[in-house]
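First to last, the protein sequences are chains A and B.
1 is the number of the first residue of the first sequence in the numbering used here; add one for each residue after it.
1 is the number of the first residue of the second sequence in the numbering used here; add one for each residue after it.
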Amino acid sequence: MQRRPGWFIAGFLAPALLLYVGLVLFPLQQAVQISFFQWRGTSSVVKPAGTANYQQVVRDPVFYEALGNNAWMAVVVGLVVFAVAMLAAHALKKRDRPAKILDALVLVPMAVSSVVAALLWQFMFHPQMGPVPELQKMLGLGEFQSGWLATPATALPAVGVALAWLSIGFYVVLFGAGMQQIPGEVMESADMDGIPGWAKFWRITWPLLWTVRRTAVIYWFISVMNTFAIVYLMTKGGPDHRTEVMLTYLYITAVENSQYGYGSALAVVNLVLVLAISGLLMWLMRRDPAEARA
Amino acid sequence: MNRPFIWKLGIVSLAAVAAFGCAPVGTETSTGKPDPAGAGTAAPAADAKLAGNLEVQAFKGGFGIDFYEAALAEFGEKHPELKTKIEGDPRVWERLKPRMVAGDTPDLMFPGWGMDHWSLIADNQLMPLDAALDSPADGAEGTWRDQFLPDMLKIGQVDGKTYLLPLYVNLNGWWYDKAVFDKNGWKPPTNFAELKTLCAAVKAKGMAPITYQGKYPYYMIHGMLLPWAYSVGGADAMKAVQNLEPGAWKSDSMLQAAKMIVELRDLGYFQKGATAMSHTESQAEFVIGRAAMIPCGTWLYSEMKDNLTDKNQLTFFLPPPVEGGKGDPSALIVSIEPWMVPAKAKNPEAALAFYKYMTSPAKAAQFVSEKNTLTAIKGSESGIKLDVLRQPAALFAASKDAWAWQVRDWYKPLHTEIENALTSMLNGELTPEQFVERCEKAAEATRNDPNIAKRTL
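Set out below in structure tokens:
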């Protein structure tokens with residue numbers, strides 16, 4: 001008697017599916033539901049609000065500021081992270097002593113939680129004791145009246161530095177793995193042809209890292225949109241929203257200001273934007289340009 | 001796997017979600033006014049034997065929960081039929097909020113600063129306690145209400161009904177280190193003009209005159225903006241602000257207070273980088289002697305005591321008022337962290353009897369001596385052991401107006417906006433006029449929002 005494979009497969013998928021439905025889809029559905037109400041979060045009393053919360057999101061200048069900060073981190077910090085990670089991965093290909101030391105240095109931040117990283121970098125920027133302001137004073141550049149983390153022009157870059165420090169290790173590993181995939185013969189024939197280092201990287205390594213680059217871009221974008229702990233602990237979104245990101249804004253709105261309806265609307269809008277932009281990125285990067293040319 | 005199978009999987013997931021999601025979120029609507037009919041439970045007579053279960057949940061902060069645990073144990077001995085339980089942690093509100101939503105509440109709770117007490121009141125989640133307050137006190141003459149300082153009870157009242165009860169009271173003021181001041185021949189300032197003179201002397205010595213907890217602007221609001229606005233405009237000006245009256249923020253009092261802050265900044269009297277510092281960072285700067293003064297509540301000593309040396313002589317004083325201002329110079333801002341009985345408590349009689357016991361004069365005095373803080377119970381200052389508490393106690397007793405800044409509890413989004421505007425003003429992005437304009441706009445938005453429950457003093 002032939003057993004239907006479908007039920008067999010479903011049996012194995014059921015636990016994971018259950019967790020997914022219960023821990024991901026269900027809260028999502030609740031968030032959507034709550035976004036159409038006003039809810040203080042301290043009882044089951046709710047007041048229907050129709051689309052009022054969404055209308056408020058569209059009119060809210062802080063929403064746009066938070067989104068802008070997320071975008072800045074995605075693009076500016078992203079470029080820095082990718083550039084440094086790519087260079088580090090390239091340097092680490094040679095398995096000599098300096099490479100091993102660099103390897104350890106670059107991977108240590110990955111082992112550190114974002115909470116610890118936030119405390120560490122808060123100390124780095126401490127106005128009286130931190131190494132960064134000390135260096136600033138030593139270089140004769142004075143000091144900031146409000147400190148790095150509360151001066152409007154420097155707060156977001158400072159948080160960006162902490163985020164970059166935390167993230168680079170992962171991309172070094174990712175790009176390193178990608179570089180490992182490149183067949184040795186390709187690199188050897190490049191050496192035999194006498195192609196110089198930079199051209200070798202740009203013309204051979206770079207195009208062959210296509211799938212890795214695509215993964216990196218999408219993964220980085222999603223992790224920037226998910227940034228919370230680093231910002232909340234270093235600056236709490238301050239000074240005056242200059243470092244506010246979507247997640248800190250919706251957290252403060254819902255949990256600290258008891259506006260769960262509006263917070264849920266922000267969360268749903270955030271989700272839709274992340275899905276839309278990731279979808280767009282995946283569509284834009286759907287075909288390897290090298291293969292397209294071939 | 002073939003496509004039809006994946007479709008089936010998708011449909012099953014969505015069906016599961018729909019099934020889960022059909023649980024109603026809640027269908028009652030609220031106008032924000034607490035139930036007018038209920039007057040709450042009267043606490044039983046002192047010698048009545050209580051039975052059943054009593055569950056107490058408490059915030060475990062700087063004062064711990066050991067005092068409450070011991071008190072509950074003593075109380076339990078008097079009522080052998082009563083099964084008692086007490087739990088606490090530093091973020092107890094995170095456990096209590098879902099319980100309040102689900103209706104599975106403890107009998108007595110002290111949820112701490114992370115709980116939105118006034119939303120609980122607006123949602124009819126708390127029991128009015130006036131019947132219990134009017135019952136005889138435990139271990140003293142008169143009613144239970146008589147044991148409390150009346151101004152402290154007012155803070156937890158709406159339309160004459162009491163929902164929140166105080167235990168310990170924090171005063172908001174400034175601190176200086178007497179040892180440092182004596183060494184330099186400085187005296188704590190008694191008005192703003194003296195403050196400026198003192199700051200010049202401190203700055204000349206190479207010390208930062210004033211530091212503050214810039215990352216949390218409510219310290220500067222309680223320590224500078226509000227006391228100075230009160231000093232200029234008097235109690236009526238502050239009442240107008242708290243009642244969201246139109247134009248209250250554009251009054252001379254608020255603008256003057258903002259200008260005073262900016263003046264101190266421009267004279268270089270604020271420690272560099274203070275705006276970025278957390279409470280522990282700036283308080284550490286003060287304690288190690290890099291800054292001469294800091295605005296902080298009376299909890300500062302308890303919070304920093306592990307960092308103090310024998311040389312420190314932390315001393316509390318009131319924010320230096322403006323000379324010739326309308327406001328009474330003895331006025332001070334207090335804050336309470338309240339206890340309350342959920343409306344759905346299963347054993348409110350036991351809850352109130354226990355809290356009555358904890359607020360009896362003997363226990364209150366014991367709290368003062370063990371925890372080094374003031375309480376809202378009359379006569380409890382007899383328990384003061386440490387000198388550091390005598391000055392605040394004297395100022396509290398002599399104060400002609402001990403008031404609370406309730407905007408922070410009543411209108412959280414408004415207060416967040418005030419905090420952000422203050423930070424921008426400190427950074428020079430807003431002038432004092434623009435600062436009060438921005439606060440006025442935020443107050444107007446709050447006033448016009450029908451979804452926010454309005455309170456009046």
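Heads up, the beta-carbon is just placed ideally off N, CA and C, and yes, glycines get one too.
Quick caveat: nothing in here was measured; it's all calculated off a predicted structure.
Contact list for residue i against chain A, beta-carbon separation under 8 Å
i	result
valine 232(B)	Chain A residues near valine 232(B): none, gap ~25 Å exceeds 8 Å.
asparagine 97(B)	As written in the sequence, residue 97(B) is lysine, which differs from the asparagine given in the question. Going along chain A in sequence order, the residues near lysine 97(B) (Cβ under 8 Å) are Gly41 and Thr42.
threonine 423(B)	Ala150, Gly238, Pro239 and Asp240
glutamate 285(B)	Gln128
Option nearest residue i by Cα separation, candidates the options
i	options	result
leucine 120(B)	Val268(A), Gln29(A), Leu280(A) and Gly41(A)	Gly41(A)
threonine 495(B)	Gly268(B), Asn420(B), Gly273(B) and Gly233(B)	The structure shown does not extend to residue 495(B), since chain B is modelled only from 1 to 457, so the question has no answer here.
glutamate 87(B)	Gly52(B), Asp104(B) and Gln57(B)	Gln57(B)
proline 61(A)	Leu266(A), Ile277(A) and Ser278(A)	Leu266(A)
glycine 147(A)	Val161(A), Met124(A), Gly160(A) and Gly140(A)	Met124(A)
serine 167(A)	Ser35(A), Tyr219(A) and Ser44(A)	Tyr219(A)
phenylalanine 63(B)	Asn372(B), Arg447(B), Glu429(B) and Lys441(B)	Asn372(B)
isoleucine 336(B)	Ala48(B), Gly112(B) and Gly76(B)	Gly112(B)
lysine 183(B)	Glu323(B), Asn312(B), Tyr212(B) and Val101(B)	Asn312(B)
lysine 97(B)	Leu195(B), Ala351(B), Asp123(B) and Trp249(B)	Asp123(B)
tryptophan 175(B)	Trp118(B), Leu300(B), Leu255(B) and Leu54(B)	Leu300(B)
glutamine 38(A)	Gln56(A), Phe26(A) and Val24(A)	Gln56(A)
methionine 282(A)	Val224(A), Leu233(A) and Arg214(A)	Arg214(A)
valine 388(B)	Lys205(B), Gly297(B), Ala193(B) and Thr359(B)	Gly297(B)
alanine 102(B)	Leu271(A), Val45(A) and Ile204(A)	Val45(A)
proline 133(B)	Lys161(B), Trp186(B), Val92(B) and Ser382(B)	Contrary to the premise, residue 133(B) reads as leucine rather than proline in this sequence. Nearest of Lys161(B), Trp186(B), Val92(B) and Ser382(B) to leucine 133(B), Cα basis: Lys161(B).
leucine 395(B)	Leu171(B), Ala131(B) and Asp66(B)	Leu171(B)
valine 322(B)	Ala284(B), Ser253(B), Glu381(B) and Thr280(B)	Ser253(B)
leucine 105(A)	His126(A), Ala229(A), Ala49(A) and Trp165(A)	Trp165(A)
asparagine 478(B)	Glu281(B), Met152(B) and Lys454(B)	An answer regarding residue 478(B) cannot be provided, because it is not within the stretch 1 to 457 covered by chain B.
arginine 290(B)	Tyr219(B), Lys250(B), Tyr212(B) and Asn427(B)	Tyr212(B)
valine 77(A)	Pro289(A), Tyr171(A) and Leu284(A)	Tyr171(A)
alanine 345(B)	Met109(B), Ala284(B) and Ala442(B)	Met109(B)
Within chain A, the residues that residue i reaches when beta carbons sit closer than 7 Å
i	result
aspartate 266(B)	In chain order: nothing, as chain A lies at least about 10 Å away.
methionine 127(B)	Within 7 Å Cβ-Cβ: nothing; methionine 127(B) doesn't reach chain A, min ~14 Å.
arginine 290(B)	Gln128
glutamate 281(B)	His126
lysine 272(B)	Pro127, Glu143 and Gln145
Neighbouring residues, chain B, relative to residue i (Cβ below 8 Å)
i	result
arginine 40(A)	Asp116, Ser119, Ala122 and Asp123
Distance between beta carbons of residue j and residue i, contact taken as under 8 Å
i	j	result
tyrosine 230(B)	methionine 238(B)	5 Å
leucine 149(B)	lysine 400(B)	Not confirmed; about 13 Å, so no contact.
proline 319(B)	proline 295(B)	7 Å
proline 98(A)	glycine 169(A)	That belief does not hold up - the Cβ atoms of proline 98(A) and glycine 169(A) are roughly 17 Å apart, past 8 Å.
proline 227(B)	isoleucine 155(B)	Actually they are not in contact, since the Cβ atoms of proline 227(B) and isoleucine 155(B) sit about 17 Å apart, beyond 8 Å.
lysine 356(B)	tryptophan 144(B)	6 Å
methionine 179(A)	threonine 211(A)	The pair is not a contact, with the Cβ atoms about 12 Å apart (cut-off 8 Å).
glutamine 271(B)	isoleucine 210(B)	7 Å
glutamine 157(B)	glutamine 406(B)	With 8 Å as the limit, glutamine 157(B) and glutamine 406(B) do not qualify as a contact, their Cβ atoms being about 11 Å apart.
For residue i, the residue or residues it bridges with in DSSP
i	result
tryptophan 174(B)	Pro295(B) and Phe317(B)
lysine 85(B)	Glu55(B)
phenylalanine 270(B)	Ile210(B)
threonine 375(B)	Tyr168(B)
Under 9 Å from the C-beta of residue i: neighbouring residues of chain A
i	result
leucine 426(B)	Gln145, Ser146, Ala150 and Pro239
methionine 220(B)	Those do not exist, as methionine 220(B) stays about 12 Å from chain A at its closest Cβ, beyond 9 Å.
alanine 276(B)	Gln122, Phe125, His126, Pro127, Phe144, Ser146, Gly147, Trp148, Leu149, Ala150, Thr151, Ala155, Thr235, Gly238 and Pro239
Contact list for residue i against chain B, beta-carbon separation under 7 Å
i	result
serine 43(A)	Met100, Val101, Asp123 and Gln125
glutamine 136(A)	Ordered by position in chain B, no residue passes the 7 Å Cβ test against glutamine 136(A), which lies about 11 Å from the chain.
glutamine 55(A)	The premise fails here: glutamine 55(A) is roughly 13 Å from chain B at the closest Cβ pair, so nothing lies under 7 Å.
Amino acids of chain B, ordered along the chain, whose beta-carbon sits closer than 9 Å to that of residue i
i	result
glutamate 256(A)	Gly114, Asp116, Lys412 and Thr416
Closer than 8 Å to chain D by CB, residue i
i	result
glutamate 429(B)	Looking at the structure shown, chain D is missing, and the protein chains on hand are A and B.
Every unbroken beta strand (DSSP E) inside the stretch 281 to 351 of chain B [3 residues or more]: Listed in chain order, they are 291 to 297, 314 to 317 and 332 to 336.
Give the list of continuous alpha helix (DSSP H) stretches no shorter than 4 residues that lie fully inside the stretch 106 to 178 of chain B. Counting only runs of 4 or more, we get 117 to 122, 130 to 133, 144 to 147 and 150 to 154.
Start-end ranges of the alpha helix (DSSP H) lying completely within the stretch 1 to 56 of chain A, minimum 4 residues: Every alpha helix (DSSP H) of 4 residues or more that sits fully in the stretch 1 to 56 of chain A is shown, in chain order, as 5 to 20 and 26 to 34.
Please specify which runs of the alpha helix (DSSP H), each continuous and at least 4 residues long, are wholly inside the stretch 191 to 260 of chain B, giving them in chain order. The alpha helix (DSSP H) runs of length 4 or more contained entirely in the stretch 191 to 260 of chain B are, from start to end of the chain, 192 to 204 and 226 to 242.
Counting only runs that start and end within the stretch 366 to 445 of chain B, where is the beta strand (DSSP E) found for 3 or more residues in a row? DSSP runs (the beta strand (DSSP E)) wholly in the stretch 366 to 445 of chain B: 402 to 404.
Could you name each continuous alpha helix (DSSP H) segment of 4 residues or more that falls completely within the stretch 69 to 98 of chain A, going from the start of the chain to the end? Taken in chain order, the complete alpha helix (DSSP H) segments of 4 or more residues contained in the stretch 69 to 98 of chain A are 78 to 91.
Hey, which unbroken runs of the alpha helix (DSSP H) at 4 residues or more fall wholly within the stretch 240 to 282 of chain A? Whole alpha helix (DSSP H) segments, 4+ residues: 246 to 251.
Can you list the alpha helix (DSSP H) stretches of 4 or more residues lying completely in the stretch 179 to 251 of chain A, in chain order? Residue ranges of uninterrupted alpha helix (DSSP H) with 4 or more members, entirely inside the stretch 179 to 251 of chain A and ordered along the chain, are 184 to 192, 197 to 200, 210 to 225, 229 to 234 and 246 to 251.
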